[in-house]
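Chains as they are written, first to last, in our numbering: chain S, 127 to 378; chain P, 530 to 596.
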């Protein structure tokens with residue numbers, strides 16, 4: 127346990143020093159601010175630039191959330207995966223783990239500490255981004271009130287843990303950053319393909335990343351999110367356990 | 530111009546963010562002259578010219594491994 131806490135501290139310092147947290151925070155915050163902002167002003171800017179341009183319909187608060195989910199689930203989490211793809215490969219190539227593990231740090235603690243810090247930093251970035259979009263949406267559309275906004279964000283956040291678990295497995299198996307990222311991308315692609323198949327589409331965690339906006343607009347109900355959320359959490363935990371198991375057998 | 534003045538206050542946080550990132554990137558580029566590819570001039574240009582995304586691209590792709 128003390129090994130775990132020490133390693134968490136080490137991971138935290140590392141993420142601060144190598145700018146990983148700064149970059150992830152910046153990416154998420156930029157998307158949080160710009161999604162509401164662009165949804166509101168794009169028609170206006172376009173018509174100011176080209177006076178004879180066809181005006182699109184008046185933007186509504188839902189457009190801001192549409193932008194938010196498109197950006198965060200696409201670029202935001204891609205950046206997260208790319209940044210954390212190197213979390214173990216750097217240690218492999220420099221051999222920094224060998225010393226600590228032979229001195230009695232349990233291998234489980236290594237993976238758990240890395241997962242904890244990545245999850246905490248992702249959570250902070252994500253919810254700050256959410257708060258920025260929320261604040262800007264409330265500011266730009268004073269009279270808008272949308273249901274289930276926080277719950278829709280919660281769904282994508284749960285999916286974030288799933289991505290992180292898959293990434294952890296990738297990082298443990300492969301020694302190179304690029305292959306771990308590719309592995310994660312491949313698995314995510316497989317999950318989204320499984321989401322297309324009709325009988326199991328209802329249970330696929332893929333819903334958590336794509337249907338958020340339908341939850342806000344009221345096209346689907348909260349109960350449709352329950353099973354995918356549970357499936358996602360279960361897979362995340364199993365994935366983390368698998369990563370630990372694989373790491374126990376891994377030659378450092 | 531009218532539109533620009535009206536949306537300027539909303540843009541200030543993004544500008545602050547951009548300045549912080551650009552300064553961090555420039556300091557890092559000058560202090561660690563080892564890059565995965567490219568050289569000092571190229572990265573300085575990218576970090577300063579491309580608003581917001583230049584510094585991010587530098588930190589994600591251009592930053593060399595710590596020796």
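Quick reminder that beta carbons are idealized off the backbone N, C-alpha and C, glycines included. None of these values were measured; they are calculated from a predicted model.
Scanning its chain for C-beta atoms nearer than 6 Å, with the 5 sequence neighbours on each side dropped, one finds around residue 234 (chain S) the residues 370, in chain order. Linking residue 358 (chain S) to residue 554 (chain P) through their CA atoms gives a straight-line distance of about 37 Å. In the structure shown, residue 592 (chain P) falls within a strand segment according to DSSP collapsed to helix, strand and coil.
Linking residue 315 (chain S) to residue 200 (chain S) through their CA atoms gives a straight-line distance of about 12 Å. Put simply, the backbone Cα of residue 301 (chain S) is about 8 Å away from that of residue 219 (chain S). Excluding residues up to 5 positions away in sequence, 550 lie with their Cβ nearer than 8 Å to the Cβ of residue 585 (chain P) in the same chain.
Secondary structure of residue 145 (chain S) (DSSP, three-state): coil. Residue-level contact check: residue 262 (chain S) touches chain P, since one or more beta carbons of chain P fall below 9 Å from its beta carbon. Remark: C-beta atoms of residue 282 (chain S) and residue 335 (chain S) approach each other more closely than 9 Å.
Sorting S:259, S:325, S:213 by C-alpha distance to the C-alpha of residue 138 (chain S) places S:213 at the top.
Boundaries of the alpha helix (DSSP H) around residue 241 (chain S): 233 to 266. Assignment of beta-bridge partners to residue 130 (chain S) by DSSP yields no partner.
Identification of residues in the stretch 199 to 213 of chain S having a C-beta nearer than 8 Å to some C-beta of chain P yields 205, 208, 209, given in sequence order. Between the stretch 242 to 252 of chain S and the stretch 144 to 155 of chain S, the count of C-beta pairs closer than 8 Å reaches three or more; the two stretches touch. For residue 289 (chain S), the closest Cβ of chain P is not nearer than 9 Å. Pairing residue 298 (chain S) with residue 373 (chain S), the inter-Cα distance amounts to about 6 Å.
At a cut-off of 9 Å, the C-beta of residue 372 (chain S) has no neighbouring C-beta in chain P. For chain P, none of the residues of the stretch 288 to 313 of chain S brings a beta carbon within less than 9 Å of one of its beta carbons. Boundaries of the alpha helix (DSSP H) around residue 584 (chain P): 582 to 586.
Cβ neighbours of residue 270 (chain S) within its own chain (closer than 6 Å, five residues either side excluded): 187. Beta-bridge partners of residue 218 (chain S) (DSSP): none assigned.
Close to residue 145 (chain S), with beta-carbon spacing below 8 Å, are these residues of chain P in chain order: 553, 557, 588, 592.
Of all residues in the stretch 149 to 166 of chain S, only 149, 152, 153, 155, 156, 159, 160, 163 come within less than 8 Å of chain P when Cβ atoms are compared, listed by chain position.
The beta carbon of residue 327 (chain S) lies closer than 7 Å to those of 321 in the same chain, with the five residues before and after it left out. Scanning S:154, S:134, S:245, S:170 for the CA closest to the CA of residue 362 (chain S) turns up S:245. Contacts with chain S (Cβ-Cβ distance below 7 Å) from the stretch 570 to 588 of chain P involve 581, 585, 588, listed in chain order.
By the criterion of a C-beta distance shorter than 6 Å, residue 161 (chain S) is surrounded in its chain by 190, 193, 194, 197, 259, once the five residues flanking it on both sides are discounted. Distance from residue 317 (chain S) to residue 304 (chain S) at the Cβ level is roughly 21 Å; contact not present, criterion being Cβ atoms closer than 8 Å. Contact between residue 583 (chain P) and residue 577 (chain P) holds, with the beta-carbon distance rounding to 7 Å and staying under 8 Å. According to DSSP, residue pairing for residue 564 (chain P) in a beta bridge involves P:592.
Across the stretch 532 to 545 of chain P, CB contacts with chain S closer than 7 Å involve 532, 536, 539, 542, 543, in sequence order along the chain.
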